[in-house]
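Colleague: If you scroll down you'll find the structure; I have some questions about it.
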Amino acid sequence: MAGSVRKHPGISMLSPMTVFLAAFLFIISLAAIGCGEEVHSPLVITENNAGQIRKMSLERRQTNSAFEFNYTTTPFSIEFIEEPPVKFIYFNYTRIESNATEFGNNFVMFDPGKKALTGLAPCSLYSVFGEMKNLATNRTFNHTQPIATDYALPVTTISWAIPFGDSIELQWNTSNSDCVAYYHLKVTSGQFDYEVNTTRFDWSLDSLAPCTSYEISIETVNIFRESVGVVKVKEETSFVDPGPVEELHVHSGPDGGLEVAWEAPVDGVECVSDYTVKLSEDSCLDAESCLWRYMNTSKSLKGEFDDVEACTRYTVVVYTNGQEDGANSSLTFDTDFIAPGVLESLNFTILSPSQLKVFWEPPVENAHCIDHYVITFRDQTRNTTDLEIILDDLEPCFTYVVNVFVVDIQGNEGRPLTIEVQMPEDYPGEIPEAHVQATPSELLVSWQRPTYARHCVENYRLQIVGDATHHGDHDHIGTDVSYTFQRMTACRKISVRIYARTATEKESLPKILTTRIPDRVTATPSSPQLVKRTKSSLELKASLTDSFIDCELVKAKFLCISQENEITMEAFDDNIAPLADNFTDFSATIEHLPPYTNFNCSVRVLTSAGWSDAAVASFLTEEDYPGAPMALKIMEISNKGFHVNWLRPLNQNGIVNAYRLEIQQVEPLYLVPSSCPRISLVNFTEETHLYDFVFDRGAPSFVYFVQVAAVNGAGVGVYTRPIVIRTLSDKPDPVSGFAVQSIDGPYTPFLYNATVTIGWTIPCVSNGALEAFEGEFFGTKGDERHEATWEYVVRGSVRENYTFSYDDLRPEYQYKVTIRARVREIAISSDSTMKEFYSPAGIPDTFGIENWATINVFSSPNPTRSADVAISEKLFNSSAGEIISVALLVSECGCQDDPKPLYGVVESDSCSMAVMRWQEAIDFACIPQYQTTCIRWPPNFEKSEAGEFIFTIGQDDCEDAEGFCNGHLRPNTEYSVVIRTFTRHGFSDSAVMHFRTDALVALAVIIGIVTGCLLVAFIVGLFIAKRSNSLLKWSTDDMMSSDDGVPDVELKKFSDHYIGMMRNSKENLTKEFKLLNAVTMEKDFSMAAAKHNETKNRYVNIVPYDMNRVLLST
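Per this note's numbering, the very first residue in the sequence shown carries number 1; after that it's consecutive.
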């Protein structure tokens, strides 16, 4: 039998199942060692005793002194025999076969001394477990032992045999199948022979021929490799519809016929009984009216048709077994070739972005000889027999050049027609493949271009989802097919979306990749910072700033090491808050540290990737307060401060890193005026690392208290007792409140003795003890100068306010007075303060001056009531100051005493100094002294050739006057006249002078005689001139044109012209006067001649024309 090995009868080679059973039994035996009271050696199974397991177990019991079951077996049971003093309690068993397990207390206690396991399978190995009790020792134990059931003859019957077109399905049944080693299956049919060994109970015979009879036999072989029976059956495979014939072809026969040949069908050829061939024109293939020609060739693989039309398309169909509607093969062909013409037209319609319909018109000539049409585009070729074709799977956005040409039945290609088509844009297809490669800080994304609409792709958009912290940074648009994202967040799960985009921003469906950014250690935390320290602990904190990490922060470790004391202490923060806004902090307290010890402390952060780098800082435990410095003393004092030094404290209690000075400003050493702002006392706190200190921010002449304390890490220690320091003096500030308080005098005309008094307040900041005040007087008057220095020495206690009087002034000088303050032991005085004032004029020194004028009544216009006073020029040259005005005081003489000369200070604007007016004095019988000049009458009137000033007394009409008026004098009356001169400060009177006016009678006679003569002469002359018409014509123009005429004088130059004539000679004035009297009298002067104006004319013989008179306002 094929596939089997025969050996000595009753002994067969171990099957794989048997080897497995033996191995399992061996393991069970090992497991049983030590489980009970006795130890059993393992069961040894060899290839030669696999079929005699029961006998093996008996031999093992006989050769082993350990406990063994006493039993007997049958093919279907195991019976156990008790042997005192062992008492069975219960059994269970496990069948060792293909992992099938039966379990339970499967025994019958029908006999107190006998037990049995029933319902077992023959030829099977069981592992039996029993629990027993040793009645002698009263101890319970258990035992496991393999036991095999006996052999039983297997009997096989066929359950069914089901045929199919290419297979037969078999199934059989065998009693006592555990005793079967395998089955030998054999199938034969003609030359077909098939054999196989199997342990299964069914089999499928595949790859059989249809419509064929097969003989099948099944041989049963037991476990001893013995054939114990053969069953047989005969079956025929089912009918299978044959497929179409193969390689159908035609060719022309020798007599113009058509020979059709083919190859038999590949499948079901055994079921073919005959072949039928039918022929028709191709256009009638599916029409019921078509005329078919039939031919049956029995089983022949060819046939022949006569009278076939040339150059006509035919269809030949071949089918089997007369089944016209069954599987068949057909062939369409043309006869008698004639080359076709050229295509008529070529057009297209775009159906979609990836689909194009191309259509054309066939050739007009011989179109029936066309075999097919060839369409070429890009690198593809399509064939069709239709007049249109739909080109699928085109690339959107691609420009296709489409060629269509005819291929005739002989394979000849005609001339093509060509069109160019630009396909429209479409959404790109999904990215076919993409990859991500992540590092803790970068993400490399690469992908392939989309298959569909790849020519429409303008760029790619990448979006990262899940990293909200850097969402804006993680969007990218580019044209490359890879991109590396920077600054990725470690430990964060993200998804990457890749979009293909067109120029119009149409996007494909996203390609989504999900990954997790790898873990990494954090950035180095900030250096530890001291939160609090004591003498025995350091409370530290640190922070972590890391923008791109989302890993779990496990804990932070603070480690402090002191090299000098060989101390290492650590503390942990196990509850680190997650990073919020890329920041978190943590802290811990390092305890049990020695005081005043320097520690190098580090901090590290732990993540799943490990510890970060350490950040290190040094800290010192707390110190104690130092003692007070020793021997504080003054080294030097200046006007701005002082220099002090000291010795370090006896008890430093740590490292003294500085000394702190408390400098208290106590009070100034000088008087501060009450009008000045209050001095704000300033306290200074200074620090130094040295044992001395120079303080230079103080104020001069001040009292200071100074204390020093040492400073260490614990703080400021005890201060020394204060020492008192007085700074030196310095240049003072200027005085305040400087003013000219008064100017007194002068009071007499004999000596100029005006006194100025200045006053001031001492400086707000004297910067020392005031010693004196000093300054200068600078006076100017035109080109004259007067300079003087002054000094006021401070004696006794200093006062706030001082005054100083200076009496050596000059009259009417513009003075500038300055003042400076000076303190003791300082050579430099304060800056100057200046004031200006004007010294007063003195009392005029003309008091009692004699011969001050010349008085002439006859040179006046009316000697009976006026008089000319020619005042000497020397009267106005006063050393007491400028004579700004004069006043003529007139009084009647003889009837009263002459007035005494006066002098004094001007106290009002009146020039009269309580003198009467003419209107008041004229009413007295004896005229008292009155002022005939106006108020503040300036001496700028007429000046004679001798340099005298001319004033005419008594020439005004004072009837309606209100102020001082120069009224008429009384005729033939003697008068006393005094001139009173004024400066801006005072006045003085001259000595008295006398004059008498002329008598009124003599004057009237003279005037009458002269007037009569002139009138007679005028009338006679007028008559003569009128009669002879030879009167001399007087005119101003004629006079101006003569050599001795009067020139024109401008009004504004008349005063200078008059003074010039008076200075040179009075004869010029007389001459001009005579020339003026020669002016014609023809012009009207009625206003001057009016009765009420007679007394108003200064001169009786000089009157103005009406045309040029000056109108005076009242």
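Note that beta-carbon positions come from the ideal geometry of N, C-alpha and C, so glycine has one too.
Pull the bridge partners of residue 1102 from the DSSP assignment, please.
Modeller: For the purposes of this step, residue 1102 is identified with residue 1102 of the sequence shown, where counting begins at 1. Its beta-bridge partners are 1099.
Colleague: Can you give me the C-alpha to C-alpha distance between residue 1090 and residue 925, rounded to a whole angstrom?
Modeller: Residue mapping note: residue 1090 aligns to position 1090 of the sequence shown, counting from 1. Residue mapping note: residue 925 aligns to position 925 of the sequence shown, counting from 1. Rounded to whole angstroms, residue 1090 to residue 925 spans 31 angstroms at the Cα level.
Colleague: Measuring only the C-alpha atoms, how far is residue 523 from residue 612?
Modeller: As a working mapping, residue 523 is identified with position 523 in the sequence shown. As a working mapping, residue 612 is identified with position 612 in the sequence shown. In a straight line, the C-alpha of residue 523 is about 6 angstroms away from that of residue 612.
Colleague: In its own chain, which residues sit with a C-beta less than 7 angstroms from the C-beta of residue 706, not counting the 5 before and 5 after it?
Modeller: The residue labelled residue 706 in the question sits at position 706 within the sequence shown. Around residue 706: 644, 661, 663, 722, 723 and 725.
Colleague: Where does residue 439 fall in DSSP's three states?
Modeller: The count along the sequence shown starts at 1 and reaches residue 439 at position 439. Note: residue 439 maps to coil in three-state DSSP.
Colleague: Taking Cβ positions, are residue 700 and residue 653 nearer each other than 7 angstroms?
Modeller: Position 700 of the sequence shown, counted from the start, is the residue given in the question as residue 700. Position 653 of the sequence shown, counted from the start, is the residue given in the question as residue 653. Their beta carbons are not under 7 angstroms apart, which means residue 700 does not touch residue 653 by this criterion.
Colleague: Compute the Euclidean distance between the alpha carbons of residue 875 and residue 967, then round it to the nearest angstrom.
Modeller: As a position in the sequence shown, residue 875 is number 875, starting the count at 1. As a position in the sequence shown, residue 967 is number 967, starting the count at 1. If I take the Cα positions, the gap works out to 25 angstroms.
Colleague: Counting only the same chain and skipping the five closest in sequence on each side, list residues whose C-beta sits under 8 angstroms from that of residue 861.
Modeller: The residue you call residue 861 lines up with position 861 of the sequence shown. Closer than 8 angstroms at the Cβ level, and outside the excluded window around residue 861, lie 952, 955, 1098, 1099 and 1100.
Colleague: Buried or exposed: where does residue 623 fall if 16 or more other Cβ atoms within 10 Å of its Cβ makes it buried?
Modeller: Sequence index remark: in the sequence shown, residue 623 carries index 623 (1-based). Buried, by the Cβ-count rule.
Colleague: Hey, out of 342, 318, 736 and 659, whose CA is closest to residue 280's CA?
Modeller: Within the sequence shown, the letter at position 280 stands for residue 280. Checking every option, the nearest Cα to that of residue 280 belongs to 318.
Colleague: What three-state label does DSSP hand residue 1009 in the structure shown?
Modeller: Sequence index remark: in the sequence shown, residue 1009 carries index 1009 (1-based). Residue 1009 falls in the helix class under three-state DSSP.
Colleague: Is the CB-CB distance between residue 560 and residue 512 below 7 angstroms?
Modeller: Translated into positions along the sequence shown, residue 560 becomes position 560. Translated into positions along the sequence shown, residue 512 becomes position 512. Not closer than 7 angstroms, so no.
Colleague: In terms of residues, what are the limits of the alpha helix (DSSP H) holding residue 918?
Modeller: One-based indexing of the sequence shown puts residue 918 at position 918. Where residue 918 is concerned, the enclosing alpha helix (DSSP H) stretches over 918-921.
Colleague: Please classify residue 360 as buried or exposed, where buried requires at least 16 neighbouring CB atoms within 10 angstroms.
Modeller: In the sequence shown, the residue the question calls residue 360 occupies position 360. When all chains shown are included, residue 360 counts as buried.
Colleague: Nearest by alpha-carbon distance to residue 430: which of 454, 439, 165 and 189 is it?
Modeller: Numbered from 1 along the sequence shown, position 430 holds the residue referred to as residue 430. If we check each option's Cα against that of residue 430, 454 comes out closest.
Colleague: Starting from residue 1088 and walking both ways along the alpha helix (DSSP H), at which residues does that stretch end?
Modeller: Within the sequence shown, the letter at position 1088 stands for residue 1088. That run of the alpha helix (DSSP H) goes 1086-1089.
Colleague: Span of the beta strand (DSSP E) holding residue 459?
Modeller: Position 459 of the sequence shown, counting from 1, holds the residue named residue 459. Looking at the DSSP string, the run of the beta strand (DSSP E) that includes residue 459 is 457-465.
Colleague: Under 8 angstroms: do the stretch 887-897 and the stretch 728-748 share three or more Cβ pairs, one atom per stretch?
Modeller: Touching, no, given that fewer than three Cβ pairs across the two stretches are closer than 8 angstroms.
Colleague: Can you tell me the Cα-Cα spacing of residue 1000 and residue 840, whole angstroms?
Modeller: Position 1000 of the sequence shown holds residue 1000. Position 840 of the sequence shown holds residue 840. Going from the Cα of residue 1000 to the Cα of residue 840 covers about 48 angstroms.
Colleague: Tell me whether residue 1093 sits in a helix, a strand or coil according to DSSP, three-state version.
Modeller: Position 1093 of the sequence shown, counted from the first residue, corresponds to residue 1093. In the structure shown, residue 1093 sits in a helix (DSSP, three-state: H, G or I).
Colleague: Could you give the uninterrupted runs of the beta strand (DSSP E) lying entirely in the stretch 722-791, keeping only those of 3 residues or more?
Modeller: Segments of the beta strand (DSSP E) lying fully in the stretch 722-791: 723-726, 736-744, 755-761 and 770-781.
Colleague: What is the residue span of the beta strand (DSSP E) that residue 993 lies within?
Modeller: Against the sequence shown, residue 993 aligns to sequence position 993. That run of the beta strand (DSSP E) goes 993-996.
Colleague: Would you tell me roughly how many angstroms separate the C-alpha atoms of residue 130 and residue 147, rounded to the nearest one?
Modeller: By 1-based counting over the sequence shown, the position of residue 130 is 130. By 1-based counting over the sequence shown, the position of residue 147 is 147. Distance between the alpha carbons of residue 130 and residue 147 is about 12 angstroms.
Colleague: Over the uninterrupted beta strand (DSSP E) stretch that includes residue 904, give me the two end residues.
Modeller: Here the question's residue 904 lines up with position 904 in the sequence shown. 903-905 is the extent of the beta strand (DSSP E) around residue 904.
Colleague: Tell me residue 695's beta-bridge partners as DSSP assigns them.
Modeller: One-based indexing of the sequence shown puts residue 695 at position 695. Note: residue 695 sits in a beta bridge opposite 642.
Colleague: CA-CA distance, residue 290 and residue 409?
Modeller: Taking the sequence shown and counting its residues from 1, the one referred to as residue 290 is at position 290. Taking the sequence shown and counting its residues from 1, the one referred to as residue 409 is at position 409. If you take the alpha carbons of residue 290 and residue 409, they lie about 24 angstroms apart.
Colleague: Which of the three DSSP states is assigned to residue 413 in this structure?
Modeller: Counting from 1 along the sequence shown, the entry for residue 413 is found at position 413. Looking at residue 413 - three-state DSSP - the assignment turns out to be strand.
Colleague: Expressed to the nearest angstrom, what Euclidean distance is found between the alpha-carbon atoms of residue 605 and residue 585?
Modeller: By 1-based counting over the sequence shown, the position of residue 605 is 605. By 1-based counting over the sequence shown, the position of residue 585 is 585. Between residue 605 and residue 585, the C-alpha separation is close to 11 angstroms.
Colleague: List, from N- to C-terminal side, the beta strand (DSSP E) runs of 3 residues or more that fit wholly inside the stretch 616-675.
Modeller: If we require 3 residues or more, the beta strand (DSSP E) runs fully inside the stretch 616-675 come out as 630-637, 642-647 and 658-668.
Colleague: Say the cut is 6 angstroms; is the CB of residue 665 nearer than that to a heavy atom of the ligand ZN?
Modeller: You won't find the ligand ZN in this model; it holds no ligand whatsoever.
Colleague: Using the rule of at least 16 other Cβ atoms within 10 Å of the residue's Cβ for burial, across every protein chain shown, is residue 985 buried or exposed?
Modeller: As a first step, residue 985 must be located in the sequence shown, where it is residue number 985. Residue 985 comes out buried.
Colleague: Which word fits residue 247, buried or exposed, when buried means at least 16 other C-beta atoms lie within 10 angstroms of its C-beta?
Modeller: Translated into the one-based positions of the sequence shown, residue 247 becomes position 247. Result: exposed.
Colleague: Mapping DSSP to helix, strand and coil, what is residue 227?
Modeller: Locating residue 227 in the sequence shown gives position 227, counting from the first residue. Residue state, collapsed to three classes: strand.
Colleague: Per DSSP, which one or two residues make a beta bridge with residue 570?
Modeller: As a position in the sequence shown, residue 570 is number 570, starting the count at 1. Residue 570 is bridged to 559.
Colleague: Can you tell which of 800, 818, 809 and 813 has the C-alpha that lies nearest to the C-alpha of residue 791?
Modeller: Sequence index remark: in the sequence shown, residue 791 carries index 791 (1-based). Of 800, 818, 809 and 813, the residue nearest in Cα terms is 818.
Colleague: How is the beta strand (DSSP E) around residue 601 delimited, first residue to last?
Modeller: Taking the first residue of the sequence shown as 1, we reach residue 601 at position 601. Note, residue 601: beta strand (DSSP E), 598-607.
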